[in-house]
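Enquirer:
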Amino acid sequence: MKSSVITFPGSNCDRDMDVALTKFGFKNKMVWHDDNELPKSDLVVLPGGFSYGDYLRCGSMASKSKIMQSVINFAKSGGLVMGICNGFQILVETGLVPGVLLRNKYLEFICKNVFIKLDNKDNPYFKNLDKDIFEFHIAHNEGNYFCTQDQLKEIEDNNQVAIYYCNNKGQTEDQFNPNGSIKNIAGIFNKEKNVLGMMPHPERMIDQSLSGEDGSLFFKNLINNIK
Amino acid sequence: MLVNEKVAIEHGLKADEYKKICELLKRTPNLTELGIFSAMWNEHCSYKSSRLHLKKLPTSGKKVIQGPGENAGVIDIEDGDAIVFKIESHNHPSFIEPYQGAATGVGGIMRDVFTMGARPIANLNSIHFGSPQHKKTKNLLRGVVHGIGGYGNCMGVPTIAGQTSFDSSYNGNILVNAMTLGLVKKNKIFYSKAAGLNKPVIYVGSKTGRDGIHGASMASASFDEKIEEKKPTVQVGDPFTEKLLLEACLELMAGDSIIAIQDMGAAGLTSSSIEMASKGSLGIEINLNKVPCRESKMTPYEIMLSESQERMLIVLENGKEEMAKKIFDKWNLDFAIIGKTTNTKNIELFFDNEQVANIPVNTLVENSPMYDRKWKKAKLPKKNKIKKETYSKLKIKDVLKKILSNPNICSKEWIWQQYDHTVMGDTIQKPGGNSGVVRVHGTNKAVAASVDSSAVYCWAHPLTGGKQVVAESWRNLISVGATPIAITNCLNFGSPENEENMGEFVECVQGIGEASKYLNFPVVSGNVSFYNQTKEIGIKPTPSIGGVGLIKDYKKMVTMDFKEKDNLVLVIGKTEGHIDQSIFARTILDEKNGPPPEVNLFNEKNNGESLLNLIEKDYIKSAHDVSLGGIITAISKMSIKGNKGIKLNKFKNLMNEIDYLFAEDQGRYIIEVKQEDLKDVIKILDKNSVHHEELGFITEKDIIINEKTKVTIDELKSFNTNWLTNYMSS
Chain V
2 MKSSVITFPG SNCDRDMDVA LTKFGFKNKM VWHDDNELPK SDLVVLPGGF
52 SYGDYLRCGS MASKSKIMQS VINFAKSGGL VMGICNGFQI LVETGLVPGV
102 LLRNKYLEFI CKNVFIKLDN KDNPYFKNLD KDIFEFHIAH NEGNYFCTQD
152 QLKEIEDNNQ VAIYYCNNKG QTEDQFNPNG SIKNIAGIFN KEKNVLGMMP
202 HPERMIDQSL SGEDGSLFFK NLINNIK
Chain C
8 MLVNEKVAIE HGLKADEYKK ICELLKRTPN LTELGIFSAM WNEHCSYKSS
58 RLHLKKLPTS GKKVIQGPGE NAGVIDIEDG DAIVFKIESH NHPSFIEPYQ
108 GAATGVGGIM RDVFTMGARP IANLNSIHFG SPQHKKTKNL LRGVVHGIGG
158 YGNCMGVPTI AGQTSFDSSY NGNILVNAMT LGLVKKNKIF YSKAAGLNKP
208 VIYVGSKTGR DGIHGASMAS ASFDEKIEEK KPTVQVGDPF TEKLLLEACL
258 ELMAGDSIIA IQDMGAAGLT SSSIEMASKG SLGIEINLNK VPCRESKMTP
308 YEIMLSESQE RMLIVLENGK EEMAKKIFDK WNLDFAIIGK TTNTKNIELF
358 FDNEQVANIP VNTLVENSPM YDRKWKKAKL PKKNKIKKET YSKLKIKDVL
408 KKILSNPNIC SKEWIWQQYD HTVMGDTIQK PGGNSGVVRV HGTNKAVAAS
458 VDSSAVYCWA HPLTGGKQVV AESWRNLISV GATPIAITNC LNFGSPENEE
508 NMGEFVECVQ GIGEASKYLN FPVVSGNVSF YNQTKEIGIK PTPSIGGVGL
558 IKDYKKMVTM DFKEKDNLVL VIGKTEGHID QSIFARTILD EKNGPPPEVN
608 LFNEKNNGES LLNLIEKDYI KSAHDVSLGG IITAISKMSI KGNKGIKLNK
658 FKNLMNEIDY LFAEDQGRYI IEVKQEDLKD VIKILDKNSV HHEELGFITE
708 KDIIINEKTK VTIDELKSFN TNWLTNYMSS
């Protein structure tokens with residue numbers, strides 16, 4: 002399976018994503034933001050970091066990068082595109098997924114493990130996973146997901162919520178919401194479910210010696226689903 | 008402007024220094040030249056008060072590839088790998104403008120590391136604030152933490168450990184010390200020594216602006232009530248540009264076109280160009296019209312003294328200019344050929360086709376002033392005679408609560424959660440442990456790092472305090488299973504012109520030297536920050552020690568959380584009941600006199616090496632060094648982390664129970680071992696003559712200290728974790 006990770010100026014989780022994808026069997030290529038064409042890929046990842054220093058608005062300048070036209074076309078033709086953290090911010094700026102990401106409610110960067118709950122498995126990312134609650138890692142300053150009530154209704158009607166913040170039992174009370182996201186939303190799909198944006202970093206959870214191994218479950222499953 | 012003695016004094020120079028400049032030049036300097044002298048001869052750049060004493064530190068060893076004198080120190084971690092590391096202060100700017108001051112401190116130290124060809128793999132920091140009740144403390148703390156996070160997070164370098172303390176002596180002078188570790192191949196280390204004639208001198212990175220002019224001079228002066236007016240001398244950081252600069256430099260360094268490279272830190276273009284020329288015994292010629300400027304009409308004086316961030320100076324091989332430019336274009340960074348190396352041994356500056364400065368390089372470096380300042384020796388204070396009857400009213404649980412929630416002991420999670428500590432995917436021990444640990448990417452090795460300081464001990468007796476900080480750094484590395492290799496030091500003191508402050512400096516350095524020599528733990532880099540004082544009042548002497556060690560097989564790393572019920576808990580190293588200068592004496596008894604705990608270097612070495620031996624043999628399930636707050640504080644933290652309790656054995660020591668639990672004797676560790684391993688462990692400890700005592704065994708929950716005293720894990724957690732969060736949100 003072939004994957005591509007886009008490096009924007011200021012991306013800093015591009016290597017980590019490369020390590021994770023390679024570890025679980027992807028043949029990964031690093032793609033420069035200024036390139037015109039995507040290499041042939043089964044999965045395209047927009048990694049975390051601070052593309053263009055988060056200037057103007059997180060993700061906004063990267064969303065206008067040369068390569069993004071090719072990424073958008075790939076997504077629109079049904080290709081799998083996943084944006085993690087800053088990658089999620091870039092995705093909302095392209096309009097591939099709805100909503101915006103605001104500054105964290107308490108105005109502070111947060112780096113810690115959180116629990117997340119899958120909302121539905123009828124998609125290429127989560128299909129066949131045999132549990133619903135995962136421990137992932139977050140590290141962001143602008144992860145406070147927000148959208149209008151109309152958008153929210155549409156998102157929910159279409160089952161577009163990918164994951165919610167919760168506790169280890171899957172409860173989604175306010176106290177388990179680390180950043181103030183509307184309805185504890187941590188990640189969402191586009192309507193067709195081939196584009197996924199999420200704040201948590203599964204690539205930081207791929208080894209018992211790191212923060213945990215739930216990321217390994219996610220990637221192993223993902224490559225099997227794509228095969 | 009005409010230059011005279013008055014103008015020189017306004018530049019921070021002394022009258023006799025100005026006289027010496029005129030003698031060396033055999034003429035009166037012009038304003039640009041005077042600015043250059045003032046930048047090179049100030050305390051921050053010239054180490055004029057400290058050089059004499061720093062020479063006495065042990066700086067070499069089998070594992071040392073590069074000691075002090077370069078951008079950072081370098082140590083060998085085998086298999087062709089090396090670690091580049093250094094700590095540096097950014098105290099004065101952080102007090103004036105906490106966010107930018109702290110941010111650019113982090114940016115500056117990372118540049119020092121990647122200038123040498125190393126990719127930064129970990130950041131640490133040691134930050135010290137005034138009393139929590141002081142009106143400025145909260146905002147300064149928030150600003151500094153945001154600044155450190157803002158820069159490090161954006162760079163994508165994990166912040167893996169740190170230290171935070173509060174003491175009223177920092178009310179008017181906070182300390183912000185930032186440390187970075189980088190990884191490099193031993194055969195790809197870059198240095199700042201220029202070589203060869205007519206080699207192009209290249210400027211890369213951000214444009215030069217008017218920010219930070221005279222920053223280094225500001226950092227070499229005391230504060231007074233007008234300090235807020237110095238805000239414009241604080242540099243403004245742009246971590247995004249630095250990330251690009253890092254990637255571009257490493258890309259260029261992959262080839263072999265660089266002869267010398269030096270970041271523009273304190274005193275900007277001045278010190279970087281002069282240092283490269285000086286090390287190579289060459290001259291350098293710069294056309295200042297070629298320097299990329301952010302603002303119009305900048306004068307030669309301003310260009311030379313600007314401390315704009317994220318800039319580098321490179322001496323390149325001839326013919327490589329085009330190739331190098333392509334790399335910097337790709338990363339959208341400025342690239343300008345601004346001059347060349349010459350054989351004049353002078354720095355010659357041109358602007359609008361006129362020579363605007365011409366100074367022999369050696370007058371700025373070798374001939375810079377060096378002072379043997381007067382200093383006062385500190386006496387070892389007499390032991391306090393604390394009446395033990397005063398203890399009778401104390402309940403252990405109340406004392407423990409006060410100590411665990413003390414600002415200097417409580418959990419600093421509020422701080423380190425704001426630092427990305429997991430990016431790069433190799434952080435295997437996060438902040439809040441004995442040391443931060445990161446794997447050497449793609450190998451079985453890991454590097455441990457810790458930063459420590461003990462201002463109270465140094466204040467009570469500088470010589471002992473100096474030794475103690477080094478010993479504590481050593482213990483923190485050993486506690487995670489790392490073999491200590493070398494240290495970097497950031498020496499924060501008051502005015503060297505005050506005999507007592509100077510004495511504190513001299514004796515702390517002596518203590519650091521003795522301990523690092525004995526422990527074979529050499530000093531490979533560092534920095535001195537004097538004049539941490541407002542008017543006449545200096546800070547407590549605060550040398551920060553950053554220690555680095557190697558874990559050959561990261562799977563053998565030890566953490567401090569209690570692991571398993573029924574395992575046994577021992578303390579190794581002898582408890583004498585030293586209470587003077589302990590957090591117990593200072594906060595519970597309000598007793599601030601007396602000597603710090605004695606540091607016995609033989610015991611430190613012996614106990615530490617024996618513990619490493621036990622770790623190597625897989626006997627140690629958890630370990631934690633005993634420091635502030637004594638045995639009971641160490642045990643409490645291990646309980647909290649592991650979510651397990653401990654039942655302490657019946658107290659049968661002759662000593663008072665409170666002394667035993669809260670004493671801060673040195674050279675001690677708490678260890679957890681399996682019952683079936685106890686015999687073997689004791690055998691090894693006895694064989695090495697290491698003192699040990701069994702403390703108790705691990706339980707599901709609750710710390711049971713004696714029949715009357717039981718503390719639940721939840722209570723411990725609330726004592727320990729709430730103070731800082733409550734303080735910051737109040």
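Listed in order, the protein sequences are those of chains V and C. For the first sequence, the positions run 2 to 228 when the numbering used here is used. For the second sequence, the positions run 8 to 737 when the numbering used here is used. Yeah, the Cβ is synthetic: ideal placement off N, Cα and C, and Gly gets one too. No experiment lies behind these values; they were computed from the predicted model shown.
(1) Ignoring anything shorter than 3 residues or poking outside the segment 502-531 of chain C, list the beta strand (DSSP E) runs there in chain order.
(2) Can you pull the chain V residues whose beta carbon is under 9 angstroms from the beta carbon of GLY156 of chain C, in chain order?
(3) If I'm right that GLU95 of chain C touches ASN534 of chain C with Cβ under 8 angstroms, what's the distance once you round it to whole angstroms?
(4) Note down, in chain order, each residue of its chain lying with its Cβ closer than 6 angstroms to the Cβ of PRO246 of chain C, except the 5 sequence neighbours on either side.
(5) Establish whether the CB of LEU259 of chain C and some CB of chain V are separated by less than 7 angstroms.
(6) Compare the Cα-Cα distances from ILE712 of chain C to each of C:THR215, C:LEU407 and C:GLY472 and report the closest residue.
(7) Quick one: what does DSSP say ASP208 of chain V is sitting in, helix, strand or coil?
(8) Please report the residue range of the beta strand (DSSP E) in which PHE147 of chain V lies.
(9) Output, in chain order, the set of chain C residues within a Cβ distance shorter than 8 angstroms of PRO10 of chain V.
(10) Please confirm whether THR429 of chain C has its beta-carbon closer than 7 angstroms to some beta-carbon of chain V.
(11) Measuring CA to CA, which of C:ARG318, C:TYR464 and C:ASP459 is closest to ALA185 of chain C?
(12) Under 7 angstroms, do ILE134 of chain V and LYS154 of chain V count as touching if we go by C-beta distance?
(13) Short of 7 angstroms in beta carbon distance, which residues of its chain neighbour ALA76 of chain V, apart from the five on each side in sequence? Order them along the chain.
(14) Hey, which unbroken runs of the alpha helix (DSSP H) at 4 residues or more fall wholly within the segment 90-141 of chain C?
(15) In chain V, which residues lie less than 8 angstroms from ILE435 of chain C when you measure between Cβ atoms?
(16) Can you find a CB in chain C that lies within less than 7 angstroms of the CB of ARG104 of chain V?
(17) Quick check on this structure: which residue in V:LYS228, V:PHE27 and V:VAL32 has the alpha carbon closest to the alpha carbon of PRO48 of chain V?
(18) Considering only residues of the segment 36-70 of chain V, which uninterrupted beta strand (DSSP E) runs meet the minimum length of 3 residues and lie entirely inside it, listed in chain order?
(19) In whole angstroms, give me the CA-to-CA distance for PHE726 of chain C and LEU411 of chain C.
(20) At a CB distance below 7 angstroms, what residues from the segment 17-43 of chain V approach chain C? Give them in sequence order.
(21) Nearest chain V C-beta to GLN425 of chain C closer than 7 angstroms, yes or no?
(22) For LYS142 of chain C and GLY150 of chain C, I'd like the C-alpha separation in whole angstroms.
(23) For VAL152 of chain C and THR640 of chain C, I'd like the C-alpha separation in whole angstroms.
(24) Name, please, each residue of chain C whose Cβ falls closer than 8 angstroms to the Cβ of CYS14 of chain V.
(25) Is the Cβ of ARG58 of chain V closer than 7 angstroms to any Cβ of chain C?
(26) Any beta carbon of chain C sitting closer than 7 angstroms to that of GLY54 of chain V?
(27) Any beta-carbon of chain C closer than 7 angstroms to the one on PHE51 of chain V?
(28) Can you give the beta carbon distance from THR495 of chain C to LYS21 of chain C, rounded, assuming they're within the 8 angstroms contact cut?
(29) Would you list the residues sitting across from ASN294 of chain C in a DSSP beta bridge?
(30) In chain order, what residues of the segment 187-202 of chain V put their CB closer than 7 angstroms to some CB of chain C?
(31) For TYR378 of chain C, which residues of its own chain have a beta-carbon under 7 angstroms away from its beta-carbon, when the five flanking residues on both sides are left out?
(32) DSSP on ILE595 of chain C, reduced to helix/strand/coil?
(33) When we look at the beta-carbon of ALA489 of chain C and count the other beta-carbons within 10 Å, is it buried (16 or more) or exposed?
(34) Using DSSP with H/G/I as helix, E/B as strand and the rest coil, what is TRP466 of chain C?
(35) I'd like to check one pair, LEU276 of chain C with MET305 of chain C: are the Cβ atoms closer than 7 angstroms?
(36) Any idea if LEU387 of chain C is buried or exposed, counting beta-carbon neighbours within 10 angstroms, 16 or more meaning buried?
Expert: According to the data block:
(1) none
(2) GLU109, PHE110, CYS112 and ASN142
(3) 5 angstroms
(4) TYR158, CYS161 and MET162
(5) no
(6) C:LEU407
(7) strand
(8) 145-147
(9) PHE247, LYS250, LEU251, TRP338 and ASN339
(10) yes
(11) C:ASP459
(12) no
(13) VAL82, LEU97, ASN195 and VAL196
(14) 98-103 and 105-121
(15) SER210 and LEU211
(16) no
(17) V:VAL32
(18) 44-47
(19) 6 angstroms
(20) ASP17 and VAL20
(21) yes
(22) 14 angstroms
(23) 26 angstroms
(24) GLY163 and VAL430
(25) no
(26) yes
(27) yes
(28) That pair is no contact at about 30 angstroms.
(29) C:PHE357
(30) none
(31) LYS55 and SER56
(32) helix
(33) buried
(34) helix
(35) no
(36) exposed
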